[in-house]
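**Student:**
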Amino acid sequence: MSRLIKYQPELHKDQEKTKVIQVRTWTNSVSNAEDLVDSSAYEERQRIIEHAEQEAKAIITNAERQKHHMLQEIDRERLAIEDEKKSVLEKAYEDGFQKGVRDGKESGFLEYESLIDLAKRVTDDSKTAFTEYVEKAEETILELAVAVAERILHSSLDEDKDKFIPLVQHALKEAREYKEVQIHVHPANYEQLLAEKAGLDAIFPNGIKCFIYPDAQLAEYSCVIESENGKIDATISTQLVELRGKLKQLLLEGEAE
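Going by my numbering, 48 is the number at position 58 of the sequence shown; the sequence numbering is gapless.
1. Using 8 angstroms as the threshold, is the region 173 to 180 in touch with the region 199 to 219, meaning 3 or more CB pairs across them?
2. Please classify N179 as buried or exposed, where buried requires at least 16 neighbouring CB atoms within 10 angstroms.
3. Within 10 angstroms of its Cβ, does A209 collect 16 or more other Cβ (buried), or is it exposed?
4. DSSP three-state label for E170, please.
5. Could you say which of Y168, K199, Y211 lies nearest to V158 if we only look at CA atoms?
6. If you run the structure through DSSP and keep just helix, strand and coil, what is Y211?
7. Can you tell me the Cα-Cα spacing of E33 and R68, whole angstroms?
8. Assign K76 to buried or exposed, taking buried as 16 or more other Cβ atoms, counted over all protein chains shown, within 10 Å of its Cβ.
9. For K187, tell me which candidate among T51, K47, F201, V214 has the shortest Cα-Cα distance.
10. Closer than 7 angstroms by C-beta to A165: which residues in its own chain qualify, once you throw out the five before and the five after it? Chain order, please.
11. Taking all protein chains shown into account, decide if P195 is buried (16 or more other Cβ within 10 angstroms of its Cβ) or exposed.
12. In three-state DSSP terms, what is P177?
13. Per DSSP, what are the beta-bridge partners of S217 in this structure?
14. Helix, strand or coil for I198, going by three-state DSSP, please let me know.
15. Can you have a look at H160 and say buried or exposed, based on whether 16 or more other CB atoms are within 10 angstroms of its CB?
16. From F154 to L183, what does the alpha carbon distance come to, in whole angstroms?
17. Mark L61 as exposed unless 16 or more other C-beta atoms lie within 10 angstroms of its C-beta, in which case mark it buried.
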C-alpha cells in the first residue's frame, strides 16, 4: 500500500510534462495558421485589385486610340483651311490684277486678310475646344475606369462572399499590437464576420480584445477598424482611391509620350 501512494506523485508529474508539450505544439500551430491567413488574404486582395486594374487600363487604352483619331480629324480640318486660304489668296490676287485699279487691289487685299483672320480664328478655336474636350474626356475616362474597377470588385465579392474575410484579416494584421480592436462593418456583412470570430481572434496575441459592430452608415463590404491609436480604413473605396492614383499616372505617362 505504501508503494502505491509513493508512485502516484510521479505519475502526476508525467502528466504535467505532457500538458506543457501539448500547449507548445498548439502555439506553433496557431502561429503557422496566422501566417497562412495573412498570405492568402494578401494574395486574394492583390488578385482582385490587379483584375480591376487590367480592366481599367483597357478602357484607357481604347480612349487613347479615340483621342489620336480625333487629333487626326483636327489636322485634316486644319489642312482643309490652309487649302481654302491658298485658294482665296490666289483668287484675291487674280481679281485685283484684272481690275488693274488701286481700289480693286485694296478691296481684294482686305477681303483676303479678312478671310485669313477668319481661318486663323477657326483654327485657334478648334485647338482650344479640342484641348478642353480632351481634358474633360480624360477625367471622364478616369472616372469610368474606376467605376468599372468598383463593379469588378463588388461582383467578385457578390459571387463569393467568403473573399471579404481575407480582406478584413489582412487589415487586422496592422492592428495586432493594440489592446482593444473594434471592427465596424455593414449589417449585411455582420453575421458573416461574426461566424468567423474565432479565426479573427487567432490573429491577435493573447489578451487582445476584438469586438465586431454592425454600422448601417457604412457601405456593403466596407470595413473600418478602430483602436486607441486611431482608425484603419479597409473599405473598397479606399482601395479604389489608390487605383485612381495609379490610373491618373498612367494617363499622364501617355500624354508625355
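For glycine and all other residues, C-beta sits at the position ideal for the given N, C-alpha and C.
**Tutor:** Looking at the coordinates:
1. yes
2. buried
3. exposed
4. strand
5. Y211
6. coil
7. 52 angstroms
8. exposed
9. F201
10. V171, I215, S217, I222
11. exposed
12. In the displayed model, P177 falls within a helix according to three-state DSSP.
13. Partner(s): G220.
14. coil
15. Buried: at least 16 other Cβ atoms inside 10 Å.
16. 9 angstroms
17. Exposed, since its Cβ has fewer than 16 Cβ neighbours within 10 Å.
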